[in-house]
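Chains as they are written, first to last, in this note's numbering: chain S, 19 to 131; chain L, 19 to 131.
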DNA sequence: TGCAAACATTATTATATTTGAATATAAAAG
DNA sequence: CTTTTATATTCAAATATAATAATGTTTGCA
């Protein structure tokens, strides 16, 4: 199974607005490069560069249809990540219970700032 | 609610091996800076830099305990992301069903390579 | 009051990422 | 075979990120 390190690396690869946009679209189905050009407001070479990066890390792959390259999702972690990015999180995590222990000390002291 | 763009930005911030390591530890409870120094094999200033970055983006916060800073998790998206990073994904997503349609064409053509 | 512990900040350097421009390739059409 | 369409690759410039080294700040305590 894939190491945590590899998954963090993958996270770095997909943590880019355009690439997330690409992956969101691919979740809805197969798309070719010129499809992406339509709704991503960037040049064709730049689309290809982002696709190449995602391919290099095994996130996506493609089929050929004549001279079209039909891209699709390959890495099963992607839908889970996109789902979390679309989930609504409100508020903050609860402050830790009173007096938890670190290696060096206990608190409460003062709230910061 | 937080925009998708902001969440992608957050993803970029946490997509670093050391910061993921820090967040993993914080899920188990409160930790002070010297606690981190023990198991992260990096200098104290570097620990502080990573913590400062996570703080700046609201991912973590801290309480004071004398001269210790007791860090804890603040952003509720973090546990969900860590959970996915630890989940075991095997194989690949199923190839798209026969003959899906892009704006420009249909396939099947040939499988790549 | 003065010192040491715990932590933060700044500046510098090294390296990686992103984009745009130019060019290349491969397949289909003519 | 030549042209066109669809897409990829390469290179260079601009920018961002990461680590290290040096220094600063705050708090508790002798």
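Positions of the beta carbon are idealized from the N, C-alpha and C atoms, including for glycine.
Skipping 5 residues on each side, what residues in its chain have a beta carbon closer than 7 angstroms to that of residue i?
i	result
residue 65 of chain L	51, 54, 55, 58
residue 132 of chain S	Residue coverage of chain S in this structure runs from 19 to 131, which leaves residue 132 of chain S outside it and unanswerable.
residue 42 of chain L	100
residue 19 of chain S	none
residue 98 of chain L	none
residue 39 of chain S	58
Applying the criterion that 16 or more other CB atoms from any shown protein chain within 10 Å of the CB defines a buried residue, is residue i buried or exposed?
i	result
residue 46 of chain S	exposed
residue 115 of chain S	exposed
residue 87 of chain L	buried
residue 119 of chain L	exposed
residue 60 of chain L	exposed
residue 49 of chain S	buried
residue 25 of chain S	buried
For residue i, does the three-state DSSP call read helix, strand or coil?
i	result
residue 49 of chain L	strand
residue 60 of chain S	coil
residue 131 of chain L	Low local confidence applies: a pLDDT of 42 at residue 131 of chain L is under 50, so the model's placement there is unreliable, with the coordinate-based value given in what follows. Reduced to three states, the DSSP call for residue 131 of chain L is coil.
residue 98 of chain L	helix
residue 77 of chain S	coil
residue 24 of chain S	helix
residue 30 of chain L	helix
residue 71 of chain S	helix
residue 87 of chain S	strand
residue 122 of chain S	coil
Go through its chain and collect everything with a Cβ distance to residue i's Cβ below 8 angstroms, but skip five positions before and after it.
i	result
residue 31 of chain L	37, 71, 72, 75, 77
residue 27 of chain L	75
residue 33 of chain S	none
residue 110 of chain S	none
residue 8 of chain S	Only positions 19 to 131 of chain S appear in the structure, and residue 8 of chain S is not among them; the question remains open.
residue 131 of chain S	Note on residue 131 of chain S: pLDDT 39, under 50, position unreliable in the model; no value is reported.
Report all residues from its chain with a CB closer than 6 angstroms to the CB of residue i; omit the five preceding and five following residues, and keep chain order.
i	result
residue 122 of chain L	none
residue 107 of chain S	none
Is the region 67-87 of chain S touching the region 94-108 of chain L, taking contact as three or more C-beta pairs under 8 angstroms?
-> Too few Cβ pairs lie closer than 8 angstroms, so no.
Determine which residues of the region 101-115 of chain S have a Cβ less than 8 angstroms from any Cβ of chain L, and write them out in chain order.
-> 102, 103, 104, 105, 106, 107, 108, 109, 110, 111, 113, 114
Scan the region 51-70 of chain L for residues whose Cβ lies nearer than 8 angstroms to a Cβ of chain S and list them as they occur along the chain.
-> 52, 53, 56
If contact means a Cβ-Cβ distance below 8 angstroms, which residues of the region 33-52 of chain S contact chain L?
-> Listed in sequence order: 33, 34, 35, 38, 47, 48, 49, 50, 52.
Output, in sequence order along the chain, the residues in the region 67-92 of chain L whose CB is closer than 7 angstroms to any CB in chain S.
-> 79, 80, 81, 82, 83, 84, 86, 88, 90, 91, 92
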